[in-house]
Amino acid sequence: MAKGNEAYDIWWEKAGEKEKKEAFRFSDEYMAFLQSCKTEREVSAYAVSCLEKQKYADLDVLVEKDKGKGNLLAPGDKVYRNCQGKSILAAVIGKQPLNRGVNAIAAHIDSPRLDFKQNPFYEDSHLTLAKTHYYGGIKKYQWVCMPLALHGVVFLKNGNKVEVRVGDQEGDPCFVITDLLPHLAQKQMEKKVAEAVTGEGLNVLLGSLPDKEKPKEKGADQENAGQPVKSMLLRILKETYGVEERDFVSAEIEVVPALPVKDIGFDRSMIGGYGHDDRVCAYAALKALLDSKGVPEKTMVLYLADKEEVGSQGNTGAQSVALRNFLSELCAATSDRYQDLIAYRCFAASHLLSADVGSAVDPNFKDVQDPLNANYLGKGMVLEKYTGRAGKSGGSDANPEFIAALRQLFDKDAIAWQTGEIGKVDLGGGGTVAAFMANLGMQVVDCGVPVLSMHSPYEVVSKGDLYQTYLAYKTFFLNFG
Ligand code: MN
Ligand code: MN
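Under our numbering, the first residue of the sequence shown carries the number 738, and numbering increases by one thereafter.
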């Protein structure tokens, strides 16, 4: 290992008691957030409530009220946009005009999970189950034999929304995907790990009680004649939520782990939980924005995006025009001068941290890392110059000028940070939203919290890394450029 580099010190060794306490306190709040926000909708609602508490105004409401006079926004003004309840944009207008660029942080708020299919329910062997289609890059075998919760929304035919959240509150029942007993698993155990549990085999167990009432002569109930356990499930859903089987065609029900967020280790230095990727960076970035008080020099922009785990497509994903439109509107709303309306100038002068988790060295799987260019739990925020796979393909590559400026800022503020790749060359790879923002002309680099067991139902992060990442984001918002 290279030594003597500040970046490669363990932060805990340098941290004083006060800082350590602060890191633990910050982590407690994060853990409460992670426990209650398990979907992109839940994170969006949380973010909006925090923003509104701090008097951020809904940009769409402001624009609606505006009489088109220009100069709608002035330095110090705070605005946000809620993109369909699944993605959030927020900004604090800085002293400098928008054409000098913004300091932006983008994180994603979706996580790998299982989604209900649109026709989910069926009965088999006197049990009733739900069909799912997995979302994002999961190892399917990790999702069996574990308590599961259902979070989501059902839209009735009349457009009314019903929120569903069951499985992880005190007193709730939970759900499970069963696995084959070892006694009969001889063939399964000989399969490749990727094939031992199949996508179509990820069916969630929902009930076993039969409905004793006879199905009516006509109507939807008739379709389920001879399926008394499924009928019972539908009866319960109707009584509890007022929803019918057909309503699930207009629903998004996400199957997520019902595991509690917990301290990990005798020293309580780490956090175990579902969805650190990428709620740990989303939370750090949101808090950094909320805690950056006063009128900043540069406009601060936060982007919490959906759909990263499936490629960032769609109108709530980072490949959409959402950020571009938001910045363009800010340009227009802060000026009455033609040149300030040209958002291109704003993009080209902007700097963005693509806030996403990094992979940490796992002592059980050390051979996938190049130790000189790997990230370790406890060494602070990960700064990743480039992403991609097999020849950096499909990734984003930051300009060294930007990294030099960040080094200067982070070192000045004594932020613990490290630099590394996701893993060894040609073993795999990955990327996140960075490239889409870089395509707009912005200076972009990936940076975030290192994670163990990434994309599993129970990921692990270090409290020290989380806290250092929060401090890095905060100083970037306030002091960069
Ligand atoms: Mn991610
Ligand atoms: Mn991910």
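Glycine is no exception: its CB is placed at the ideal position from the N, C-alpha and C atoms.
Exercise. Comparing alpha-carbon positions, which option in V1188, T776, E937 lies nearest K868?
Worked result: E937
Exercise. Does any heavy atom of ligand 1 sit closer than 7 Å to the C-beta of D695?
Worked result: Nothing about residue 695 can be reported from this structure: the residues present for the chain run from 738 to 1218 only.
For this session: Under 7 Å Cβ to Cβ from C1083, same chain only, skipping five residues before and after it: list those, please.
Result: L835, N836, G838, V839, L1064, C1068
For this session: Note the first and the last residue of the continuous beta strand (DSSP E) segment covering A1008.
Result: One detail in the question is off: residue 1008 reads as Ile in this sequence, not Ala. Start and end: 1007-1010.
Exercise. Taking Cβ to Cβ, would you say N858 is nearer than 8 Å to L970?
Worked result: Rather than Asn, the amino acid found at residue 858 in this sequence is Phe. Yes, Cβ-Cβ distance for F858 and L970 is below 8 Å.
Exercise. If we ignore side chains and look at the alpha-carbon of each, how far apart do V800 and A1080 end up?
Worked result: 18 Å
Exercise. With which residues is M1118 paired in a DSSP beta bridge?
Worked result: W1154
For this session: Measure from the alpha carbon of D765 to the alpha carbon of each residue in E789, W880, G1010, V934, then state which is nearest.
Result: G1010
Exercise. Taking E960 as the reference, which of E981, L1027, L946, S945 has the closest Cα?
Worked result: E981
For this session: Would you identify the three-state DSSP class for R1074, choosing helix, strand or coil?
Result: coil
Exercise. CB-CB under 7 Å to K1129, same chain, minus the five flanking residues each way: which ones, in chain order?
Worked result: Y1123
Exercise. Does at least one heavy atom of ligand 1 sit under 7 Å from the Cβ of T1169?
Worked result: yes
Problem set entry | D847 classed as buried or exposed, judged by whether at least 16 other C-beta atoms fall within 10 angstroms | buried
For this session: Determine the direct distance from the alpha carbon of F1003 to that of E1121, and round the result to whole angstroms.
Result: 30 Å
Problem set entry | Cβ-heavy atom distance, E1046 to ligand 2, below 7 Å | yes
Exercise. What does DSSP give as the partner residues of M1174 in its beta bridges?
Worked result: Note: M1174 sits in no beta bridge, so no partner.
Exercise. Exposed or buried, what is H845 when buried is set at 16 or more other beta-carbons lying within 10 Å of its beta-carbon?
Worked result: buried
Exercise. Expressed to the nearest angstrom, what Euclidean distance is found between the alpha-carbon atoms of A886 and V903?
Worked result: 6 Å
For this session: Could you name the residues of the same chain whose beta carbon sits closer than 8 Å to that of K863, not counting the 5 residues immediately before and after it, in chain order?
Result: Lys is not the amino acid found at residue 863; the sequence shown has His there. If we look at H863 and ignore the five residues flanking it on each side, its Cβ neighbours are S945, P947, V966.
Problem set entry | Of the listed residues M1118, Q1056, D984, nearest to Q855 (C-alpha basis) | D984
Exercise. Does DSSP put C1184 in a helix, in a strand, or in coil?
Worked result: strand
Exercise. Apart from the five residues just before and just after A843, which ones in its own chain have a Cβ nearer than 7 Å to its Cβ?
Worked result: Y1040, A1042, A1055, L1089, S1091, A1092, V1170, M1174
Exercise. Under 8 Å between the Cβ atoms of Y872 and P994?
Worked result: no
Exercise. From P919 to Q1180, what does the alpha carbon distance come to, in whole angstroms?
Worked result: 53 Å
Exercise. Mind checking whether V780 and C787 have CB atoms under 8 Å apart?
Worked result: no
Problem set entry | Quiz: which residues have CB nearer than 5 Å to ligand 1 non-hydrogen atoms | D1014, D1015, D1093
Exercise. How long is the line joining the alpha carbons of P997 and Q772, rounded to whole angstroms?
Worked result: 7 Å
Exercise. Can you give, in chain order, each stretch of the beta strand (DSSP E) that sits fully within the stretch 797-860 and has at least 3 residues?
Worked result: 815-820, 824-829, 839-845
Exercise. Can at least three beta-carbon pairs, one atom from the stretch 1150-1161 and one from the stretch 1109-1118, be found at a separation below 8 Å?
Worked result: yes
For this session: Give the DSSP-derived three-state secondary structure of I990 in the structure shown.
Result: strand
Exercise. Applying the criterion that 16 or more other CB atoms from any shown protein chain within 10 Å of the CB defines a buried residue, is G1031 buried or exposed?
Worked result: exposed
Problem set entry | Alpha-carbon to alpha-carbon, P1100 and K1116 | 15 Å
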